[in-house]
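Comments concern the structure below.
There are 2 protein chains.
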Amino acid sequence: MTNQLYRTGPIFLQYGGHLPDAYLSYKTFGTLNAAKDNVVLFPTWCAGTHRDVEWIIGPGRALDPARQFIVAIDMFGNGMSSSPSNTPAPFDRTRFPRVSILDNVTQQRRLLREIFGIERIKLVVGRSMGAQIAFQWGSYFADEVECILPMCGSARTSPHNYIFLATMKMAVKSSPDWLSGDYQGNALGSLQQFWLNADAWGFSQAYYRQGLHLTEKYQKTQDYLDRPLPEKWVDANDLLAQFATWEVADISDNDKFNKDFPAALRAITAKAIVMPSRTDMYFPPEDSEIEVRSMPDAELRVIPSIWGHRASSPGSDPCDIQFFEKAITDLLEARMDVKNEAATV
Amino acid sequence: MTNQLYRTGPIFLQYGGHLPDAYLSYKTFGTLNAAKDNVVLFPTWCAGTHRDVEWIIGPGRALDPARQFIVAIDMFGNGMSSSPSNTPAPFDRTRFPRVSILDNVTQQRRLLREIFGIERIKLVVGRSMGAQIAFQWGSYFADEVECILPMCGSARTSPHNYIFLATMKMAVKSSPDWLSGDYQGNALGSLQQFWLNADAWGFSQAYYRQGLHLTEKYQKTQDYLDRPLPEKWVDANDLLAQFATWEVADISDNDKFNKDFPAALRAITAKAIVMPSRTDMYFPPEDSEIEVRSMPDAELRVIPSIWGHRASSPGSDPCDIQFFEKAITDLLEARMDVKNEAATV
């Protein structure tokens, strides 16, 4: 089965723009049970799609279609849901409006309700910007979420992360083939510059020190840097749309919390495992520590990884992936334990 | 007194290029004593000059002209010594050859011998690329150096640091006013892009989290990013020349050690305090830890700073600067103690 589209109709966005005819792309795995209490929501991250979620779903794994009903939803701007690259004029390319994390969550919630009648989610799990979505779900719709597992992400984009994103925007926009966003085909130079920047930021110093980037084909660091881009990769305007979402991410910047960040964290009553990577330069563990202190039922569980921001991503260290899957299982089973206790009382 | 120039005459460089008529800029502080045993060498760092060294020299300070003879020497490529911006054609601009750390050390040594008759240095102290110079002095000319204090730098540019430099080169070269290095006046766009990249990498996440970048004038992170460049700042081609030195830095890449890095470290018999910053993303403390393990008389002393790579730089946290000055004093006095002991035997 391929991905489905949920048409939202016209939507008005948190920061003032609107889209006359938007849609979310999603894909489901497994079967929704009668009680509708086996729902795992897995939103995507920057430059990721629902296809990048599939790798961790399978028989006998923490996310097992035999037990859970897993809904992978593409983030606005990722090229699968409404994005600069697939929206007609006048909202195409750089004219695509800023969509917030809460805008994503609001439309994801409509999708779950209207398509599946789901009003309660067992677990929202996400990495990077997907973690920002998980935090936002847990805070804004606290009564509808049992557990969250935000990994390698934050509840609010930090000042350093904002500056990092400014370098990412610069990398995309400073290539001569960018043409103010009106490139034809791919802005290959933009993507290469983004790719280089992501190499420098995405993995840790220790990762490179241990030579984990080197292969038989790429025996020197410069060869590695000269490797070709992944095929059929992201669109440059789509990347910028995702950065526009990311740079203002803040679970408290809304009518419910009015920028009271600790209050927005305190509202997260879901059982949470907050899982930064020890060596992540985008989202260092210290930010997660601070967040967890205000969350009523959260555990900080740092991935002991040298893969930096890429810890537990597809193709990364199997131990990190195991660490990630154990956390999913711990959350799902802890909840079940509570239920069982209630049943025996 | 202003800076002096030492003319090297034609020099042939480690990586194959040459300069027909080069010079080193330097400035001295204090008086060389009769025994010529009060020499402190303070080489500069990337985008720094001898002017940036003066701030830490003064009466009653660790580097006191009443006691030491301090020689601040400008690195090749920094705009004061021979550089792309001050060398005539055909070695101007991007035609300026790659100068190595060892090339710098070799010419610094000539300067000290020919101008002052100095054959032995009490202390080489340097930060960042200046630390790379200090390591190189201690390794290649081990018998001529009593102490080294490499701060926020490494004995060899790590693979991650190499990739970081690739993003720095990209930042400079991808601006439209770069014009392949043949810009007129300043390539202001190049410098702004470099400046932004240096903001993202140069300070730690905690530095920005605590809002140390904000002032009355710059109350938001975006305002801070929009601040004007420092006046009379660096030249874009000069920056690239310094990156060309930096990216291949390796104290063992020479005829003496033939890329045997541990051997080049073991050769450093000087008393050393190796002083990384806890939060430096250019030169993380782990690299220094590894280096110190091979050095016969070295102490690892991590600056407990959130200023990242900028720890102990001008204008940074006074505690960090005190920490730096204490290390200078410890090195200078430890040596004196040894001498006193020898004298009483």
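Chains A and B, in that order, are what the protein sequence lines are.
Numbering follows our numbering, with no gaps: position 7 of the first sequence is 367.
Numbering follows our numbering, with no gaps: position 328 of the second sequence is 688.
Backbone N, C-alpha and C define an ideal beta-carbon position, used for all residues, glycine too.
Here the structure is a predicted model, which is why all the values come from computation and not from measurement.
field: Ranges of the beta strand (DSSP E) found wholly within the region 435 to 490 of chain A, counting only runs of at least 3
entry: If only complete runs of 3 or more residues are kept, the region 435 to 490 of chain A shows the beta strand (DSSP E) at 481 to 487, in order along the chain.
Span separating the alpha-carbon of residue 610 (chain A) from that of residue 494 (chain A): So the two alpha carbons sit approximately 12 Å from each other.
field: Residue burial classification, residue 410 (chain A) (beta-carbon count within 10 angstroms, cutoff 16)
entry: Classification for residue 410 (chain A): buried.
query: Can you list, in chain order, the residues of the region 434 to 465 of chain B whose Cβ is nearer than 9 Å to any Cβ on chain A?
result: Listed in sequence order: no entries.
- prompt: Between residue 386 (chain A) and chain B, is there a C-beta pair that is closer than 8 Å?
  reply: Chain B has no Cβ within less than 8 Å of the Cβ of residue 386 (chain A).
task: May I ask you to list the residues that DSSP assigns as paired with residue 364 (chain B)?
output: DSSP lists B:386 as partners of residue 364 (chain B).
message: Going by DSSP, what residue range makes up the beta strand (DSSP E) through residue 433 (chain A)?
response: Here the beta strand (DSSP E) through residue 433 (chain A) covers 429 to 433.
task: Determine the direct distance from the alpha carbon of residue 693 (chain B) to that of residue 477 (chain B), and round the result to whole angstroms.
output: Using only the alpha carbons, I get a separation of about 24 Å.
message: So for residue 541 (chain A), helix, strand or coil by DSSP?
response: Note: residue 541 (chain A) maps to helix in three-state DSSP.
query: What are the start and end residues of each continuous beta strand (DSSP E) run of 3 or more residues lying completely inside the region 369 to 425 of chain A, in chain order?
result: Qualifying beta strand (DSSP E) stretches, in chain order: 378 to 389, 399 to 403.
message: So residue 646 (chain B) contacts chain A; which residues on that side make the cut at Cβ distance below 9 Å?
response: Going along chain A in sequence order, the residues near residue 646 (chain B) (Cβ under 9 Å) are 565, 566, 569.
- prompt: Under a Cβ-count criterion, where at least 16 other Cβ atoms within 10 Å of its own Cβ denotes burial, should residue 539 (chain B) be classed as buried or exposed?
  reply: Classification of residue 539 (chain B): exposed, given that the 10 Å Cβ count is below 16.
- prompt: Can a CB atom of chain B be found closer than 8 Å to the CB of residue 637 (chain A)?
  reply: For residue 637 (chain A), the answer is no, since every Cβ of chain B falls outside 8 Å of its Cβ.
query: What first and last residue would you give for the beta strand (DSSP E) that runs through residue 646 (chain B)?
result: Here residue 646 (chain B) belongs to no beta strand (DSSP E); instead the alpha helix (DSSP H) covers 645 to 654.
Boundaries (first-last residue) of the alpha helix (DSSP H) holding residue 507 (chain B): Unbroken run through residue 507 (chain B) is the beta strand (DSSP E), 505 to 511; no alpha helix (DSSP H).
- prompt: Roughly how many angstroms lie between the CA atoms of residue 589 (chain A) and residue 640 (chain B), to the nearest whole one?
  reply: Between residue 589 (chain A) and residue 640 (chain B), the alpha-carbon positions lie close to 29 Å from each other.
Per-residue burial, residue 619 (chain A) [other beta carbons within 10 Å of its own, 16 or more giving buried]: The residue is exposed, with fewer than 16 neighbouring Cβ atoms inside 10 Å.
- request: Return the bridge partner residues of residue 634 (chain B) from the DSSP annotation.
  value: Beta-bridge pairing links residue 634 (chain B) to B:660.
- prompt: Which value, in whole angstroms, describes the spacing of the CA atoms of residue 383 (chain A) and residue 432 (chain A)?
  reply: Rounded to whole angstroms, residue 383 (chain A) to residue 432 (chain A) spans 14 Å at the Cα level.
query: Are the Cβ atoms of residue 455 (chain B) and residue 397 (chain B) separated by less than 8 Å?
result: Between residue 455 (chain B) and residue 397 (chain B), the C-beta gap is not smaller than 8 Å, which leaves the two residues out of contact.
Proximal residues to residue 677 (chain B) (C-beta, below 7 Å), its chain only, five neighbours per side dropped: Sequence-distant partners of residue 677 (chain B) (beyond 5 residues in either direction) whose C-beta falls short of 7 Å from its own C-beta, in its chain, are 665, 667.
task: Name the residue from A:542, A:387, A:428, A:392 whose alpha carbon lies nearest to the alpha carbon of residue 412 (chain A).
output: Here the closest residue by C-alpha is A:387.
task: Within the region 569 to 601 of chain A, note down every full beta strand (DSSP E) run reaching 3 residues or more, in order along the chain.
output: Runs found: none.
query: Alpha carbon to alpha carbon, how far is residue 604 (chain B) from residue 546 (chain A)?
result: Rounded to whole angstroms, the separation of the alpha carbons of residue 546 (chain A) and residue 604 (chain B) is 31 Å.
field: Nearest-angstrom beta carbon gap, residue 633 (chain B) and residue 659 (chain B) [assumed within contact, 8 Å]
entry: Confirmed, Cβ separation roughly 5 Å.
Cβ-Cβ distance between residue 430 (chain B) and residue 390 (chain B) below 8 Å: In terms of Cβ geometry, residue 430 (chain B) and residue 390 (chain B) form a close pair [threshold 8 Å].
- request: For residue 381 (chain A), count neighbouring C-beta atoms within 10 Å of its own C-beta (all shown protein chains included) and say buried if the count is 16 or more, exposed if not.
  value: The C-beta of residue 381 (chain A) has fewer than 16 other C-beta atoms within 10 Å across all chains shown, which makes the residue exposed.
query: Which term fits residue 520 (chain B), buried or exposed, when burial requires 16 or more other beta carbons within 10 angstroms of its beta carbon?
result: Flag for residue 520 (chain B) reads buried.
Rounded Cβ spacing between residue 556 (chain A) and residue 527 (chain B) (contact assumed at less than 8 Å): Going by Cβ atoms, the distance from residue 556 (chain A) to residue 527 (chain B) rounds to 6 Å, so yes, they are a contact pair.
query: Closer than 7 Å, Cβ to any Cβ of chain B: which residues of the region 502 to 526 of chain A, in chain order?
result: Taking 7 Å as the upper bound on Cβ-Cβ separation, chain B lies near residues 518, 519, 520, 522, 523, 524, 526 of the region 502 to 526 of chain A.
- request: Could you tell me the distance, in whole angstroms, from the CA atom of residue 565 (chain A) to the CA atom of residue 506 (chain B)?
  value: Using only the alpha carbons, I get a separation of about 31 Å.
message: So if I threshold CB-CB distances at 8 Å, which residues from the region 529 to 561 of chain B count as touching chain A?
response: So the list reads 530, 531, 534, 535, 536, 553, 556, 557, 559, 560, given in the order they occur along the chain.
Test: residue 581 (chain B) CB closer than 8 Å to a CB of chain A: So yes, residue 581 (chain B) belongs to the interface.
- prompt: Within 10 angstroms of its Cβ, does residue 583 (chain A) collect 16 or more other Cβ (buried), or is it exposed?
  reply: Burial check for residue 583 (chain A): the Cβ neighbour count within 10 Å stays below 16, so the residue is exposed.
- prompt: Looking at the C-beta of residue 489 (chain A), does it have a partner C-beta in chain B at a distance below 8 Å?
  reply: False, the Cβ-Cβ gap to chain B never drops below 8 Å.
message: Could you tell me the alpha carbon to alpha carbon distance between residue 491 (chain B) and residue 450 (chain B), rounded to whole angstroms?
response: Rounded to whole angstroms, the gap between the alpha carbons of residue 491 (chain B) and residue 450 (chain B) is 31 Å.
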